[in-house]
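Engineer: For reference, the structure I am asking about is given below.
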Amino acid sequence: GESVGLHLPTLSVQEGDNSIINCAYSNSASDYFIWYKQESGKGPQFIIDIRSNMDKRQGQRVTVLLNKTVKHLSLQIAATQPGDSAVYFCAENISSGSARQLTFGSGTQLTVLP
Amino acid sequence: GAGVSQSPSNKVTEKGKDVELRCDPISGHTALYWYRQSLGQGLEFLIYFQGNSAPDKSGLPSDRFSAERTGGSVSTLTIQRTQQEDSAVYLCASSLARAGRDTQYFGPGTRLTVL
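Residue numbers (my numbering), protein chains in the order written: chain A, 406 to 519; chain B, 49 to 163.
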């Protein structure tokens with residue numbers, strides 16, 4: 406079946422460096438992608454989203470890149486801070502009738518080293 | 049404004065008991081979702097409510113699971129005759145159900161432990 410997955414389950418970066426978290430998807434019909442951040446004991450928190458008619462979108466310290474040719478999504482975090490330590494999930498939006506469900510990958514644990 | 053809230057935050061129960069988990073969505077959000085998250089895993093879709101439409105129950109793992117949404121707002125997820133494999137964090141999300149760009153906002157979750 407089609408799925409959303411992450412290339413790396415864990416990522417450690419030095420504080421102040423940039424982080425790049427990658428995600429592969431296989432459903433060519435997906436038209437909307439979201440990155441969520443989940444801190445321990447909390448629900449996922451929306452970070453940034455992108456629609457399939459775009460290839461780049463920037464937020465505050467975060468950038469999402471979408472390459473539809475190779476079905477690849479990435480999240481770039483600039484000047485990574487200790488508070489960025491969390492699990493990051495990408496999710497794709499699959500439309501099925503009236504339902505709009507999100508399919509999540511298994512997540513990448515980002516650890517920011519002092 | 050207030051986000052999605054869930055109660056209880058933690059629930060410990062004995063195998064075979066029934067449990068009810070509650071979700072209060074963001075005011076004005078017409079769509080409501082329930083997900084299940086096992087330890088170290090991604091989110092598994094359970095059920096989706098949208099306005100007055102029939103809910104999408106395609107993700108419910110068994111007939112022991114049911115959910116309702118009263119008055120288009122608060123939702124209750126009920127698990128009957130709980131099993132140990134039901135232990136997980138149950139997350140609720142709500143959204144405006146906007147076509148083309150529908151962002152879901154999550155609550156903190158209910159951690160269910162079945163002994």
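Using N, Cα and C, we set each Cβ at its ideal position, and we do this for glycine too. As the structure is a prediction and not an experimental result, all values here were calculated from the model.
On a Cα-Cα basis, can you pick out the residue from A:THR485, A:LYS473, A:GLN450 and A:ARG456 that is closest to ARG466 of chain A?
Structural biologist: For the purposes of this step, residue 466 of chain A is identified with residue 61 of the first sequence, where counting begins at 1. Of the candidates A:THR485, A:LYS473, A:GLN450 and A:ARG456, the one whose C-alpha sits nearest the C-alpha of ARG466 of chain A is A:THR485.
Engineer: For SER57 of chain B and SER135 of chain B, I'd like the C-alpha separation in whole angstroms.
Structural biologist: Locating residue 57 of chain B in the second sequence gives position 9, counting from the first residue. Locating residue 135 of chain B in the second sequence gives position 87, counting from the first residue. Cα-Cα distance, rounded: 13 Å.
Engineer: Have a look at A:ALA491, A:GLN506 and A:CYS495 and flag the residue whose alpha-carbon is nearest the alpha-carbon of LEU416 of chain A.
Structural biologist: The count along the first sequence starts at 1 and reaches residue 416 of chain A at position 11. Cα-wise, what sits closest to LEU416 of chain A is A:ALA491.
Engineer: Provide the residue span of the beta strand (DSSP E) that contains THR118 of chain B, from first to last.
Structural biologist: Start at 1 with the first residue of the second sequence, and residue 118 of chain B comes out as number 70. Note, THR118 of chain B: premise wrong, no beta strand (DSSP E); not H, not E.
Engineer: For chain B, find out if any of its Cβ atoms is closer than 8 Å to the Cβ of ASN498 of chain A; answer yes or no.
Structural biologist: Looking up residue 498 of chain A in the first sequence gives position 93. True, the Cβ-Cβ gap to chain B drops below 8 Å.
Engineer: Just the Cα atoms here: how many angstroms apart are GLY99 of chain B and PHE494 of chain A?
Structural biologist: Here the question's residue 99 of chain B lines up with position 51 in the second sequence. Here the question's residue 494 of chain A lines up with position 89 in the first sequence. Each residue's Cα considered, the two are about 27 Å apart.
Engineer: When you compare only the Cα positions, how much space is there between GLU422 of chain A and ALA102 of chain B?
Structural biologist: Taking the first residue of the first sequence as position 1, residue 422 of chain A is located at position 17. Taking the first residue of the second sequence as position 1, residue 102 of chain B is located at position 54. Note that residue 422 of chain A is Asp in the sequence shown here, rather than Glu. Pairing ASP422 of chain A with ALA102 of chain B, the inter-Cα distance amounts to about 48 Å.
Engineer: When you compare only the Cα positions, how much space is there between VAL122 of chain B and PRO519 of chain A?
Structural biologist: Counted from its first residue, the second sequence places residue 122 of chain B at position 74. Counted from its first residue, the first sequence places residue 519 of chain A at position 114. Their backbone Cα atoms lie some 43 Å apart in a straight line.
Engineer: Take every Cβ of the segment 421-438 of chain A, pair it with every Cβ of the segment 468-487 of chain A, and state whether three or more of those distances are shorter than 8 Å.
Structural biologist: The segment 421-438 of chain A is in contact with the segment 468-487 of chain A.
Engineer: Whose C-alpha, out of B:LEU139, B:ARG70 and B:PHE97, is nearest the C-alpha of TYR83 of chain B?
Structural biologist: What you label residue 83 of chain B is simply residue 35 of the second sequence in a count that begins at 1. TYR83 of chain B has its Cα closest to that of B:LEU139, out of B:LEU139, B:ARG70 and B:PHE97.
Engineer: Could you say which of B:HIS77, B:GLN131 and B:GLY120 lies nearest to ARG146 of chain B if we only look at CA atoms?
Structural biologist: Looking up residue 146 of chain B in the second sequence gives position 98. Comparing Cα positions, the closest option is B:HIS77.
Engineer: In chain B, what lies closer than 8 Å to GLN506 of chain A by C-beta?
Structural biologist: Taking the first sequence and counting its residues from 1, one reaches residue 506 of chain A at position 101. Near GLN506 of chain A (Cβ distances below 8 Å), the residues of chain B are TYR81, PHE93, TYR96, ASP104 and GLY107.
Engineer: Any chance the segment 63-70 of chain B sits against the segment 462-476 of chain A, with 3 or more Cβ pairs inside 8 Å?
Structural biologist: no
Engineer: Check for me: the beta strand (DSSP E) holding ASN472 of chain A runs from which residue to which?
Structural biologist: Within the first sequence, the letter at position 67 stands for residue 472 of chain A. Segment 467-472, the beta strand (DSSP E) holding ASN472 of chain A.
Engineer: What in chain B is Cβ-close to LYS447 of chain A, meaning under 9 Å?
Structural biologist: Locating residue 447 of chain A in the first sequence gives position 42, where the first residue counts as 1. Those within 9 Å of LYS447 of chain A in chain B are PHE154, PRO156 and GLY157.
Engineer: Pairing CB atoms from the segment 443-452 of chain A with CB atoms from the segment 149-159 of chain B, are three or more of them under 8 Å?
Structural biologist: yes
Engineer: Work out the CA separation of GLY51 of chain B and SER142 of chain B for me, nearest whole Å.
Structural biologist: For the purposes of this step, residue 142 of chain B is identified with residue 94 of the second sequence, where counting begins at 1. For the purposes of this step, residue 51 of chain B is identified with residue 3 of the second sequence, where counting begins at 1. Roughly 9 Å between the two C-alpha positions.
Engineer: Tell me the DSSP bridge mates of ARG146 of chain B?
Structural biologist: By one-based count along the second sequence, residue 146 of chain B stands at place 98. Bridge partners of ARG146 of chain B: none, in fact.
Engineer: In chain B, what lies closer than 8 Å to GLY540 of chain A by C-beta?
Structural biologist: For residue 540 of chain A there is no data in the structure shown, the boundaries of chain A being 406 and 519.
Engineer: With a Cβ-Cβ cutoff of 8 Å, do GLY119 of chain B and GLN54 of chain B count as a contact?
Structural biologist: The sequence position of residue 119 of chain B within the second sequence is 71, counting from 1. The sequence position of residue 54 of chain B within the second sequence is 6, counting from 1. It is not a contact, given that the beta carbons lie outside the stated cut-off.
Engineer: Check the Cβ of GLY90 of chain B against every Cβ in chain A and list those closer than 8 Å, keeping chain order.
Structural biologist: If you number the second sequence from 1, residue 90 of chain B lands on position 42. Residues of chain A passing the Cβ test: PHE494, PHE509, GLY510, SER511 and GLY512.
Engineer: Thinking just about the alpha-carbon of each residue, which of B:LEU163, B:LEU125, B:THR130 and B:LYS59 is nearest to the one in PHE97 of chain B?
Structural biologist: What you label residue 97 of chain B is simply residue 49 of the second sequence in a count that begins at 1. Per the Cα distances, B:LEU125.
Engineer: Can you tell me where the beta strand (DSSP E) holding THR415 of chain A begins and where it ends?
Structural biologist: In the first sequence, the residue the question calls residue 415 of chain A occupies position 10. Looking at the DSSP string, the run of the beta strand (DSSP E) that includes THR415 of chain A is 415-419.
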